[in-house]
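Participant:
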Amino acid sequence: MKRWTIQKHNHEEVKLLANALKVSPIVAALLISRGHETEEKAHQFLNPSTEHLHEPYLLKDMKTAVNRILKAIENGEKILIWGDYDVDGTTGTVVLRKALEILGAKTIFHVPHRFTEGYGVNIPELEKAKKCGCSLVVSVDCGIRSFEPLNWAKENGLDVIITDHHLPDESNGNPPALAIINPNQPDCEYPDKNLAGVGVAFKLAHALLREKRKENLVKSFLKVVAIGTIADVMNLTGENRAIVSLGLKDLPKAVNYGLKALMEVADCTGEMSSYDIGFRIAPRINAAGRMDAARHVVELLETTDFDEARSIAEMLNSRNRERQKIQQEITALAFLETKVITSKNFIVVAGEGWHRGVIGLAASKIAEKLYRPTIVLSLENGIAHGSARSIAGYHLLNGLDSCSELFEQYGGHAAAAGMTIRRENIEQLQEKLNDHATANLSADDLIPELKIDAVVSANTLSLD
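Numbering (the working numbering), first residue to last: 1379 to 1842.
1. Work out the CA separation of M1650 and P1426 for me, nearest whole Å.
2. Within its chain, find whatever has a CB closer than 7 Å to the CB of D1822; leave out the 5 residues flanking it on each side and keep chain order.
3. With DSSP collapsed to three states, give me the class of T1798.
4. Looking at C-beta atoms only, is the number of pairs between the segment 1739–1754 and the segment 1764–1776 that lie closer than 8 Å three or more?
5. Would the segment 1608–1621 and the segment 1554–1564 be scored as touching if the rule is three or more Cβ pairs under 8 Å?
6. Who are the near neighbours of V1675 in its chain, counting only those whose CB is closer than 7 Å to its CB and skipping five residues on each side?
7. So, are the CB atoms of N1529 and P1554 less than 9 Å apart?
8. Going along the chain, which residues of its own chain have a beta-carbon closer than 6 Å to the beta-carbon of A1671, five neighbours each way excluded?
9. Please state the DSSP three-state secondary structure of E1786.
10. Would you please state the rounded distance, in angstroms, between the beta carbons of G1454 and D1519? I believe it to be under 8 Å.
11. Go through its chain and collect everything with a Cβ distance to A1632's Cβ below 7 Å, but skip five positions before and after it.
12. For the beta strand (DSSP E) that contains T1752, what are its first and last residues?
13. Do L1478 and I1451 have their beta-carbon atoms positioned less than 9 Å apart in this structure?
14. Which whole-angstrom value describes the C-beta separation of N1723 and A1815, a residue pair presumed to lie in contact below a C-beta threshold of 8 Å?
15. Which residues in the same chain have their Cβ closer than 8 Å to the Cβ of P1434, if we skip the five residues on either side of it in sequence?
16. Would you decide whether E1707 is buried or exposed? Buried here means 16 or more other CB atoms lie within 10 Å of its CB.
17. In the DSSP assignment, find the beta strand (DSSP E) that holds V1538 and state where it starts and stops.
18. Tell me the DSSP secondary structure of W1460 in three-state form.
19. Taking the alpha-carbon positions, what's the R1701 to F1525 distance?
20. I'd like the span of the beta strand (DSSP E) that includes F1487, first residue to last.
21. Using the C-alpha atoms, what's the distance from N1618 back to L1536?
22. Using the three-state DSSP reduction, which class does L1481 fall into: helix, strand or coil?
23. Residues in its own chain within less than 8 Å of S1780 by CB, not counting five upstream and five downstream?
24. Take S1411 and list the residues in its own chain whose beta-carbon comes closer than 6 Å to its own, dropping the five residues that flank it on each side.
25. Rank N1388, V1392, I1404 by C-alpha distance to the C-alpha of S1835 and give the top, closest one.
26. Relative to the alpha-carbon of R1446, which residue among G1413, W1732, V1538, L1504 has its alpha-carbon at the smallest distance?
27. Using only the alpha-carbon positions, how far apart do A1710 and I1753 sit?
28. Please go through the same chain and pick out, in chain order, the residues whose beta-carbon is closer than 8 Å to the beta-carbon of I1559, but skip the five residues on each side of it.
29. Please specify which runs of the alpha helix (DSSP H), each continuous and at least 4 residues long, are wholly inside the segment 1488–1558, giving them in chain order.
30. Pairs of beta-carbons, one from the segment 1503–1517 and one from the segment 1456–1466, closer than 8 Å: are there three or more?
31. Let me check one thing: in DSSP terms, what residues is W1382 bridge-paired to?
32. What separation, rounded to the nearest whole angstrom, lies between the Cα atoms of K1572 and L1409?
33. Looking at the unbroken alpha helix (DSSP H) that takes in R1668, where does it start and where does it end?
34. Quick check on F1487: buried or exposed, where buried means 16 or more other Cβ atoms within 10 Å of its Cβ?
35. Return the CA-CA distance between A1398 and P1546, expressed in angstroms with no decimal places.
36. Quick one: does G1496 have its CB under 9 Å from some CB of chain C?
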């Protein structure tokens, strides 16, 4: 059952917009219902271009970050780029590393292993970076809640620049970084808060290339930025729409061997759509971090050898098939666990040894079918690693913040999050989150909404 919500329109507004754009009233009504009620907004939505990419220096701390990186390049310092292991993080790592390479920087990269290191920045790898001569670390799609590792970095003379889009910790503020580029941090006046992690990394790359009069290269990065943006399920309006539209348009013409090999194994030919990325390309990229090591994605997109690119792409294809099989098994087990839960508005299920690479996908399936915010936890040696997915009316991170004392670590967004928690705290977590969800969700919120953009009379339709 779904709850239908029919958008009401002012017929005069619809008529005015239709006349201004020279489109049908139906199209005008659709545009208005999606928030493009003025001629300027509608024109931008219908005709995305590079003009709709915002000024990168509107991001707080951008100037500080650019100056420090340019100084590192000038002095021949070694820079570590630290990316997350999902599509957003790996594509962002590739974008930033390529931009720095163009500018002559000495870089290495690190993408943590999901199972042996977990999410975010960690001290052991920072120690290794310090020992191998790195003096500057730039994070991609992570770092905004890495307090302990960044305290260590500061104490040991390692400069850190955070690029991230995850929500900061409201209670503890920001970690001690030299610069933090995150549109969602306090006092950042950047006009578009919906950038993906790769989008934030791209803005830094854009600013750096401009400083060295290489801004003409910026558009060439949009193919990879589009993939990360779609894969991270970001809102495709505003700047994201421009990024994705322009990137998709250029993807079939890609000369990057990794992209060509990926499209080949995914059977993507001709014009590309967001569906092709979301359901064909992205799952194969994500399979690297879910099943093995995400660094393979960076290697794929950086190689200049097509045979190597094809070999890595075929390996990712195989990993994706393996992921699909395991996902089905774990999702079935997780659904069995939900059957013993009664009258819960927040679902928490846990299983011993469940594959950590697919628990987020299982959480998505449960949240979609039962329409409740959901956490799926994988238990191992008394510690549970979890992934959460939410529903439209519930801010997931606010829920986790309400019981923050129970977690070893956690972070995320309104719609998705990850966490680590001790086994003995799981029962209390279920109770507290259920209480929080019950207090913040109405009966209507627990019924999926079907938004009707416009009501169309049969006599207004034609084959034209």
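Every residue, glycine too, gets a C-beta built ideally from N, C-alpha and C.
Facilitator: In short:
1. Within the sequence shown, residue 1426 is the residue found at index 48, counting from 1. Within the sequence shown, residue 1650 is the residue found at index 272, counting from 1. Cα to Cα, the separation comes out at about 16 Å.
2. Position 444 of the sequence shown, counted from the start, is the residue given in the question as residue 1822. Excluding sequence neighbours, D1822 sits near R1381.
3. Mapped onto the sequence shown, residue 1798 falls at position 420. T1798: strand per DSSP, three-state reduction.
4. yes
5. no
6. By 1-based counting over the sequence shown, the position of residue 1675 is 297. Correct list, in chain order: T1468, I1663, A1666.
7. Numbered from its first residue, the sequence shown carries residue 1529 at position 151. Numbered from its first residue, the sequence shown carries residue 1554 at position 176. Cβ atoms of N1529 and P1554: closer than 9 Å.
8. As a working note, residue 1671 is residue 293 in the sequence shown. If we look at A1671 and ignore the five residues flanking it on each side, its Cβ neighbours are H1491.
9. Position 408 of the sequence shown, counting from 1, holds the residue named residue 1786. E1786 falls in the strand class under three-state DSSP.
10. On the sequence shown, residue 1454 is found 76 positions in, with the first residue counted as 1. On the sequence shown, residue 1519 is found 141 positions in, with the first residue counted as 1. Contact flag wrong, Cβ pair sits at about 27 Å.
11. As a first step, residue 1632 must be located in the sequence shown, where it is residue number 254. Excluding sequence neighbours, A1632 sits near K1601, K1638.
12. Walking along the sequence shown from the start, residue 1752 turns up at place 374. Run containing T1752: 1752–1758, per the beta strand (DSSP E) assignment.
13. Position 73 of the sequence shown, counted from the start, is the residue given in the question as residue 1451. Position 100 of the sequence shown, counted from the start, is the residue given in the question as residue 1478. Going by C-beta atoms, I1451 is nearer than 9 Å to L1478.
14. Taking the first residue of the sequence shown as 1, we reach residue 1723 at position 345. Taking the first residue of the sequence shown as 1, we reach residue 1815 at position 437. At roughly 4 Å, the Cβ-Cβ gap stays under 8 Å, so N1723 and A1815 are in contact.
15. Sequence index remark: in the sequence shown, residue 1434 carries index 56 (1-based). Around P1434: M1440, K1581, L1582, H1584, A1585, R1588.
16. If you number the sequence shown from 1, residue 1707 lands on position 329. That one is exposed.
17. In the sequence shown, counting from the first residue as 1, residue 1538 sits at position 160. Here the beta strand (DSSP E) through V1538 covers 1537–1541.
18. The sequence position of residue 1460 within the sequence shown is 82, counting from 1. Of the three classes helix, strand and coil, the one that applies to W1460 here is strand, per DSSP.
19. By one-based count along the sequence shown, residue 1701 stands at place 323. By one-based count along the sequence shown, residue 1525 stands at place 147. Cα-Cα distance, rounded: 32 Å.
20. Looking up residue 1487 in the sequence shown gives position 109. Segment 1484–1488, the beta strand (DSSP E) holding F1487.
21. Counted from its first residue, the sequence shown places residue 1536 at position 158. Counted from its first residue, the sequence shown places residue 1618 at position 240. Rounded to the nearest angstrom, the two C-alpha atoms are 33 Å apart.
22. Position 103 of the sequence shown, counted from the start, is the residue given in the question as residue 1481. DSSP places L1481 in coil when its eight states are reduced to three.
23. Here residue 1780 refers to the residue found at position 402 when the sequence shown is read from its first residue. Closer than 8 Å at the Cβ level, and outside the excluded window around S1780, lie K1810, L1811, H1814.
24. Numbered from 1 along the sequence shown, position 33 holds the residue referred to as residue 1411. Same-chain partners within the cutoff: Q1385, D1831.
25. In the sequence shown, the residue the question calls residue 1835 occupies position 457. Checked all of N1388, V1392, I1404; the closest Cα to S1835 is I1404.
26. Taking the first residue of the sequence shown as 1, we reach residue 1446 at position 68. Ranking the options by Cα distance to R1446, first place goes to V1538.
27. Your numbering for residue 1710 matches position 332 in the sequence shown. Your numbering for residue 1753 matches position 375 in the sequence shown. Cα to Cα, A1710 sits roughly 15 Å from I1753.
28. For this step, residue 1559 is matched to residue 181 along the sequence shown. Once the five neighbours on either side are set aside, the close Cβ partners of I1559 are L1437, K1438, D1439, M1440, A1443, I1539, I1540, T1541, D1542, V1578, K1581, L1582.
29. 1501–1509, 1525–1533
30. yes
31. Here residue 1382 is taken as the residue at index 4 of the sequence shown, counted from 1. According to DSSP, which records beta bridges pairwise, W1382 is partnered with L1828.
32. As a working mapping, residue 1572 is identified with position 194 in the sequence shown. As a working mapping, residue 1409 is identified with position 31 in the sequence shown. The identity of residue 1572 in the sequence shown is Asn, whereas the question assumes Lys. For N1572 and L1409, the distance between alpha carbons rounds to 20 Å.
33. In the sequence shown, the residue the question calls residue 1668 occupies position 290. Its alpha helix (DSSP H) spans residues 1660–1669.
34. On the sequence shown, residue 1487 is found 109 positions in, with the first residue counted as 1. Buried: at least 16 other Cβ atoms inside 10 Å.
35. Start at 1 with the first residue of the sequence shown, and residue 1398 comes out as number 20. Start at 1 with the first residue of the sequence shown, and residue 1546 comes out as number 168. Answer to the nearest angstrom: the Cα atoms are 42 Å apart.
36. You won't find chain C in this structure, because it holds only one protein chain.
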